[in-house]
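Protein chains in written order, with our numbering: chain A, 135 to 877; chain B, 7 to 240.
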Amino acid sequence: MGVFARITARKMRVHVPQLLGLVLLLAVGVCFFITLFTIMLRYEETAEQYMNDYAYADVTFYGIFDDESVRVLSETDGVYAARGRSVRDFRVPEDERIFRAVSLMDGINLPYFYQGRPPENAGECILLKRNADAMKLGIGDTVAFGENELVITGLAANPEYIYMVQNERTMMAQQNRFGVVYVVPEFFAQPGGFDYNEIVVLLESETDVNALAGLIGAFRAIMQKDQINYEMYRNDLSELGSFAYIFPLVFAVLIAVVIYVMLTRAVQKDRRQIGVMKALGAPNKKIIAVYLLQFCITAVMGALLGCFAAMAATGGIIAILSSMFVVPSLGFALYPVLWVLAVVVSVLLCAAAGLIALVRILPLMPACALRPRTPKGGRRLLIERIGSVWVRFSFNTRYALKNSLRNKSRFLAVVLGMTGSCALLAFSLGFHDSIAETQGRFFDDFANYDVIVSFNPMPPELEHAAETQACESSRALILHVEIGGEHYPLAIVEDGFDFVKIPYTELNSGVIIPEYFAGIWDAGIGDTLEINGYEAVVSAVVPQHVGLTLYTSFEYMGTVTDEIPPVYNTLYLRSADMPALVDYLNVNGMEFTTIDDDKTSFDSIMESMEVLIWFMIACSLILGFTVLYAVGLINLSAREYEYMFMGVMGYPHKSIIAAHIKETLVQLALALPLGFSGGFLLLEAIKGEFSNNNFVIASIITPASNFYAATAVAGVTVIMAAVTSRHVRRLDIVEGLKAQDDG
Amino acid sequence: MNLFTTSNLTKTYGEGNAKVTALDAINLEIPANKFVVILGASGSGKSTLLNMLGCMDTPTVGEIAFSDINITSFNKHKMTHFRGENIGFVFQSYNLLPDLTALENVEFSTELAGLTRSDALNALAAVGLSERVNHYPAELSGGEQQRVSIARAIAKNPKVLLCDEPTGALDYNTGIMVLEVLKKIHSEGSSSVVLITHNREIAKIADVIITMRSGKVQSVSENSMPLSPSEVTW
């Protein structure tokens with residue numbers, strides 16, 4: 135081993151505590167990145183394969199169909215296969231559970247069997263395994279709903295239920311409250327043959343789906359990409375991707391700062407040694423190598439440790455995420471490219487930060503480097519200029535304040551470390567707050583209904599049976615209209631509609647749109663939207679966070695087009711006796727959701743997010759502790775001689791620590807507000823990733839969350855103060871002063 | 007043949023009222039193969055001059071020729087190369103690298119010069135430290151550290167040894183021992199020695215004595231009867 139390699143190795147031995155801190159920091163960042171990125175890549179690969187292998191339908195048509203409709207579609211150009219099926223929700227009055235019965239088909243939306251066999255008669259069914267687990271049911275058990283008692287013959291998954299989507303508002307139903315059973319078509323048999331309410335289709339080529347819908351008189355057609363199940367899948371991929379970057383990015387910045395401060399300190403401490411090396415004829419590149427190699431080796435170790443930690447974490451995180459989505463055979467896979475990327479980026483990051491620190495000292499001539507550094511000229515602080523205030527401070531306070539700004543880069547590094555930790559913690563806790571806030575804004579400030587009943591379109595002269603059972607009701611026609619090539623729900627409501635809190639008076643003068651859509655379309659009040667080819671004016675923009683829908687009135691739509699049929703397909707209901715209403719709707723086999731169902735779905739979202747949130751909080755704490763500890767150690771080593779000298783001069787230990795604490799308080803006072811703002815900015819930055827056409831997150835960080843974040847950061851600084859106190863108490867004055875002379 | 011020739015060599019530090027002239031238009035010829043002592047009080051500019059001669063610093067004005075090569079025209083890279091190839095430094099405070107053993111400190115020099123470990127061991131033997139090769143600087147006495155420093159300087163067979171107050175941090179006996187080592191190296195080898203000191207007694211061992219004061223050369227004198235180190239006292 136060459137002499138330069140030996141110098142490197144020995145310097146690493148001296149810097150072990152700091153380098154270990156760096157290794158931990160890098161490992162956490164890399165582990166976070168590799169874990170989430172691996173899950174994202176693996177999820178995409180496995181889910182695409184799953185949807186392909188189990189023939190996830192390209193398009194689903196809704197309406198009333200018979201075998202003839204299926205035959206017509208099957209024989210149409212561009213259609214590979216079409217199957218009719220019946221889907222119906224059954225509510226179990228005793229425990230408020232809902233079972234969705236879906237007729238099994240061959241060739242499309244095939245079940246993936248974990249166990250068991252397909253049902254052979256109308257008394258058997260397959261249950262989704264996630265429901266079976268949540269409801270503690272197994273093969274041979276019975277599922278009872280309505281007048282049906284079905285024996286479970288198999289436990290399966292299905293690509294159309296990667297997420298437990300009950301409807302547009304209940305996007306993540308609780309698995310013990312909403313179950314899906316697959317039954318034989320005979321389960322829905324009626325006298326005179328089969329009627330289907332859905333036709334699912336696999337397409338051969340790009341086909342005009344609206345034309346196909348017209349061909350069979352379908353009321354609505356939804357392409358796979360527009361299905362909530364699929365949208366949520368794509369959104370989760372994108373969210374995982376964003377999270378995979380956000381944390382490691384913040385880590386990277388802080389790591390760079392820590393390395394910069396560490397190396398600046400190390401290089402300044404070794405200034406004379408560098409001068410000697412230069413004097414002896416060592417070229418700069420060899421000197422650079424001595425210092426950079428330490429950090430590059432540390433980077434490789436940290437990155438590899440992070441990669442191995444990710445191997446262990448990925449499986450666990452996937453298991454936890456399976457409460458959100460289920461894709462059979464989704465598990466850990468090694469992506470060497472990711473590992474290489476993590477190592478290379480870590481090395482580059484460390485090398486770049488180190489180089490920046492080194493370029494300040496390397497250009498010095500050896501004679502200059504061999505001389506002690508010229509002390510910096512003192513500068514008056516702003517507060518010093520206010521003489522009447524400054525003189526009131528004790529010497530200790532004045533010393534602490536002066537110290538704070540004496541070394542700007544070190545000061546900034548500490549402030550940045552505190553800010554970053556506080557920001558990440560505030561962001562993680564704020565993420566939880568934001569989901570709760572979104573829930574509150576929808577259920578408390580927007581929704582004003584008890585039940586929504588959906589059915590096939592009815593003419594206005596016919597009264598729906600449910601209308602008679604509720605205290606208040608309002609009819610609506612919910613259509614999926616095309617705007618800018620995408621489909622969006624439009625609710626055409628009656629006069630006096632007040633089941634969601636929107637400016638009702640604006641219903642007759644145009645279309646009321648959610649803020650999120652207004653942002654996407656860059657539309658405001660008075661602007662014109664092209665809806666299904668006709669022009670409509672935006673009459674109001676409202677904050678809406680769940681089940682985003684456009685609202686207008688039948689009267690206004692009549693002025694825009696005469697193509698809207700005078701029918702209704704949805705009832706909004708309010709009732710003083712909800713159990714009776716739900717009972718009635720159940721008994722009569724109606725498709726409906728209550729506000730409680732929607733709230734339960736939200737609780738599910740919250741539950742699944744908790745895992746991610748705790749993961750983020752844990753990472754933030756590790757990061758915060760490591761950064762503050764590393765920077766604190768550097769700060770301490772920089773002050774060591776000064777503290778020692780103060781001790782020699784007889785300055786009491788508690789006064790030295792008091793000055794140190796005051797300095798830390800100055801840093802905290804600056805860092806915490808910055809951290810709160812940083813957390814909010816991070817939240818705003820990822821808001822887009824968590825928003826889609828059904829759900830828009832409301833970014834908010836509550837004072838309590840900011841308080842917890844601040845407390846955690848302050849807690850770490852208290853620990854550091856204790857470490858400092860212990861260290862200062864143990865300083866060997868004689869040895870220290872000798873070392874300083876030698877250095 | 008001169009080893010160094012300086013013309014109008016000037017070095018100033020600072021600006022305006024804080025301007026300090028460390029070397030003031032020095033024109034000097036330092037002969038080759040001699041034991042030269044630059045004598046002067048603290049602040050006379052002798053260390054600054056030594057730094058200029060060793061390409062450790064650059065002059066503000068003026069030139070230095072090393073065996074007819076103008077070394078003041080060198081860029082930093084060339085200066086580094088020049089130092090590595092031609093100059094051996096011995097510092098007052100030894101300046102050994104604390105993370106390396108005695109042998110490794112010498113190897114630092116031989117490795118840069120493309121020499122082998124045995125060259126480093128020979129240099130340590132020449133200064134009488136064969137038994138202490140694996141000791142770290144912190145485990146060596148001041149005299150031993152200075153001898154390691156001399157071994158490091160001579161191991162690469164430099165054309166000149168530049169010694170900056172090599173006995174300044176040592177007691178009398180150890181100082182004499184170090185001077186004897188330097189004298190021995192000079193008499194046995196092909197290296198010129200330029201040693202700076204504020205001690206008039208030490209100057210008596212030199213072949214040539216250059217006296218400096220306030221950044222100027224006051225005198226250059228040849229010593230026809232140099233003493234051996236053991237003959238001087240202070």
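Here a beta-carbon is modelled for each residue, glycine too, at the ideal position from N, C-alpha and C.
Since the structure is predicted, the reported quantities are computational estimates derived from the model, not experimental observations.
Whole-Å CB distance - residue i paired with residue j, under 8 angstroms assumed
| i | j | result |
| --- | --- | --- |
| A/ILE350 | A/PHE199 | 6 angstroms |
| A/SER607 | A/TYR706 | 7 angstroms |
| A/ILE260 | A/PRO252 | 6 angstroms |
| B/PHE41 | B/ILE211 | 7 angstroms |
| A/LEU244 | A/TYR188 | 4 angstroms |
| A/GLU230 | A/ARG311 | 7 angstroms |
| A/PRO500 | B/MET62 | 4 angstroms |
Classification of residue i by the beta-carbon crowding that lies within 10 angstroms, buried from 16 upward
| i | result |
| --- | --- |
| A/ASP567 | buried |
| B/GLN151 | buried |
| A/ALA616 | What sits at residue 616 of chain A in the sequence shown is Glu, not Ala. Answer is exposed; the Cβ neighbour count stays below 16. |
| A/ALA710 | exposed |
| A/CYS605 | exposed |
| B/ARG158 | buried |
| A/LYS796 | buried |
| A/PHE529 | exposed |
| A/GLY660 | exposed |
8 angstroms Cβ cutoff, residue i in contact with chain A
| i | result |
| --- | --- |
| B/GLU117 | yes |
| B/GLY90 | yes |
| B/THR18 | no |
| B/GLU228 | no |
| B/ASP125 | no |
| B/ASP30 | no |
| B/ASN101 | yes |
| B/PHE80 | no |
| B/LEU106 | yes |
| B/PHE95 | yes |
| B/THR86 | yes |
| B/PHE10 | no |
| B/ILE160 | no |
Neighbourhood of residue i by C-beta distance below 6 angstroms, restricted to the same chain and skipping five residues each side
| i | result |
| --- | --- |
| A/SER643 | SER673 |
| A/MET435 | VAL157 |
Closer than 8 angstroms to chain B by CB, residue i
| i | result |
| --- | --- |
| A/LEU806 | no |
| A/ARG773 | no |
| A/PRO500 | yes |
| A/ILE835 | no |
| A/ALA378 | no |
| A/LEU427 | no |
| A/ARG863 | no |
| A/ILE162 | It should be noted that the sequence gives Val, not Ile, for residue 162 of chain A. No, no contact with chain B. |
| A/LYS419 | no |
| A/ALA416 | yes |
| A/VAL493 | no |
| A/GLY521 | no |
| A/VAL765 | no |
| A/VAL137 | yes |
Proximal residues to residue i (C-beta, below 7 angstroms), its chain only, five neighbours per side dropped
| i | result |
| --- | --- |
| A/THR210 | LEU346 and LEU349 |
| A/VAL460 | ARG264, ALA291 and ILE296 |
| B/GLY20 | VAL26 |
| B/VAL187 | VAL133, ARG153 and ILE156 |
Neighbourhood of residue i by C-beta, 8 angstroms cutoff - its chain only, sequence neighbours within 5 removed
| i | result |
| --- | --- |
| A/VAL193 | VAL334, VAL335, LEU337, VAL343, LEU346, ALA355, ILE356, MET357 and GLN358 |
| B/VAL139 | THR107, ALA108, LEU109, LEU127 and LEU130 |
Counting only Cβ-Cβ distances shorter than 7 angstroms, please list the residues of the stretch 36–57 of chain B near chain A, keeping chain order.
ASN57
Using Cβ-Cβ distances below 8 angstroms, what residues of the stretch 59–72 of chain B are close to chain A?
GLY60, MET62, ASP63 and THR64
Give me the subset of the stretch 177–211 of chain B whose CB atoms are less than 8 angstroms from a CB atom of chain A, sorted by chain position.
none
Near-chain B residues of the stretch 389–413 of chain A - C-beta to any C-beta below 9 angstroms
ARG406, GLN407, GLY409, VAL410, MET411, LYS412 and ALA413
Which residues, taken in chain order from the stretch 140–167 of chain A, show a beta carbon closer than 8 angstroms to some beta carbon of chain B?
ARG140, ILE141, ARG144, LYS145 and VAL148
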